[in-house]
Amino acid sequence: MVRIVYLNGEYLEETKAKVSIFDRALLFSDALYEVTSVLDGKLIDFNNHMKRLDRSMTELNYPRKLDHEEIKLFHRELVRRNNLKEGIIYLQVSRGKAERSFDFPDPDNEFTVMAFSQVKDLLNNDAAKKGIKVMTLEDHRWGRCDIKTTQLLYPSLAKSSADRQGFDDAWMVRDGHITEGTSNNAWIIRNGTVITRQADNLILKGITREAVAECAKELNYKIDYKNFTINEAQNATEAFITSATTFVTPVIRINDLEIADGNPGMFTKLLRQKYIKKALEIAI
Ligand code: PDD
């Protein structure tokens, strides 16, 4: 089956979808994106992804917003046309095609809006069952990691570097404190408290993070939004990551040290189950 993608109002076979070489996404990474997970052919937490997209657009002075209903429509249409049961829809909005100049183009410039589906085993995969190993690396990203832009070269470099060294991902570190994973939020549990970094300009405030925090509260766990060091993470009783593509995935090793006995933590497993159950209930 040929994948059908969305580009500026049209549904096209993936090989037929073409974007200009002058697109601001290509020349300046002047583009924002969202990744919405799909379970049972339904969108998870779509409205919150749209709220974050609006915020990203405001922070980067995009001159107007997109209509959420229209975006929902083409997300659903991509799910339908590609018969997607489990996976993700990737959405990207750029400031559009314009002559190369460091100035922003005219506010009336047409945005480039594109989206595509990817099939992924979100529910049953090795990482969820066995946990992942992460290494720590300096966080060399820019100072506005709270905006979901396509400037992803450093996270990609970090992830590949981790892969090459036998790890599944990297947790990035600034001033001795973990910021987040290359494409996920980082969490630990210490003394019965669930800890994740405060949502400042150095991390992306994950949509999954918010939903998982609610689940943790419902399970009567205390949450502390605060910085933690590599050493604190290595000595945690449990560690995990969250994102639209990993949900809640256990971390079983950080650098050369196992977390507790080196197996996925009990609470992490419980949290994953609860998150998935709730996500399915609210899926649209
Ligand atoms: N990444 N932090 C970073 C740097 C991310 O790129 C992501 C998501 C998250 C988690 O956000 P959310 O829970 O809203 O997915 C945190 C997506 C999945 C990606 O780039 O593919």
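With the working numbering applied, the sequence shown has no gaps in its numbers, which climb one by one up to 293 at the end.
Quick reminder that beta carbons are idealized off the backbone N, C-alpha and C, glycines included.
Taking a 10 Å sphere around the C-beta of residue 151, we find fewer than 16 other C-beta atoms and assign the residue as exposed. With fewer than 16 other Cβ atoms inside 10 Å of its own Cβ, residue 110 counts as exposed. By the C-beta criterion, the region 278–290 is judged to be in contact with the region 256–268, since at least 3 inter-stretch pairs fall below 8 Å. Looking at the DSSP output, residue 194 sits in a beta bridge with 251. Distance from residue 247 to residue 277 at the Cβ level is roughly 5 Å; contact confirmed, criterion being Cβ atoms closer than 8 Å. When 221, 231, 230 and 94 are compared, the shortest CA-CA separation from residue 252 is found for 221. Excluding the 5 residues flanking it on each side, residue 11 has same chain C-beta neighbours closer than 6 Å at 22, in chain order. Shortest gap from the CB of residue 154 to any heavy atom of the ligand PDD: under 8 Å.
Partner residues in the beta bridge of residue 232, as assigned by DSSP, are 203. A straight-line Cα-Cα distance of about 24 Å links residue 103 and residue 128. Residue 258 has its CB no nearer than 8 Å to any heavy atom of the ligand PDD.
Taken from the Cβ of residue 161, at least one heavy atom of the ligand PDD lies inside 8 Å. DSSP, reduced to helix, strand and coil, places residue 27 outside both helices and strands of the structure shown, so it counts as coil.
Its chain contains 53 as the residues whose beta carbon lies nearer than 6 Å to that of residue 288, once the 5 sequence neighbours on both sides are disregarded; these appear in chain order. Taking each of 264, 217 and 231 in turn and checking the Cα distance to residue 238, the smallest one comes out for 264.
If you check the CB distance, residue 123 and residue 44 do not come in under 9 Å. Note on residue 31: under 16 other CB atoms within 10 angstroms of its CB, so exposed under the neighbour-count rule.
In this chain, residue 169 is not harboured by any beta strand (DSSP E); it is covered by the alpha helix (DSSP H) spanning 162–173. In this structure, DSSP gives residue 106 an extended state, which the three-state scheme calls strand. Ranking 181, 215, 35 and 113 by CA distance to the CA of residue 145 puts 181 first. Remark: the shortest separation between the CB of residue 44 and any heavy atom of the ligand PDD falls under 8 Å.
Taken atom to atom, the span from the alpha-carbon of residue 88 to that of residue 78 is near 15 Å.
Taking the Cα positions, residue 38 is about 15 Å away from residue 155. Residue 157 counts as buried, since at least 16 other C-beta atoms from the protein chains shown sit within 10 angstroms of its C-beta. Taking the Cβ atoms as the reference, residue 245 lies roughly 5 Å from residue 199, within the contact range of under 8 Å. Between residue 148 and residue 183, the gap from beta carbon to beta carbon is short of 9 Å. Ranked by how close their Cα comes to the Cα of residue 195, the residues 96, 108, 142 and 135 have 142 in first place.
With fewer than 16 other CB atoms across the displayed protein chains lying within 10 angstroms of its CB, residue 18 is exposed. As computed with DSSP, residue 124 is found in a beta bridge with 15 and 100.
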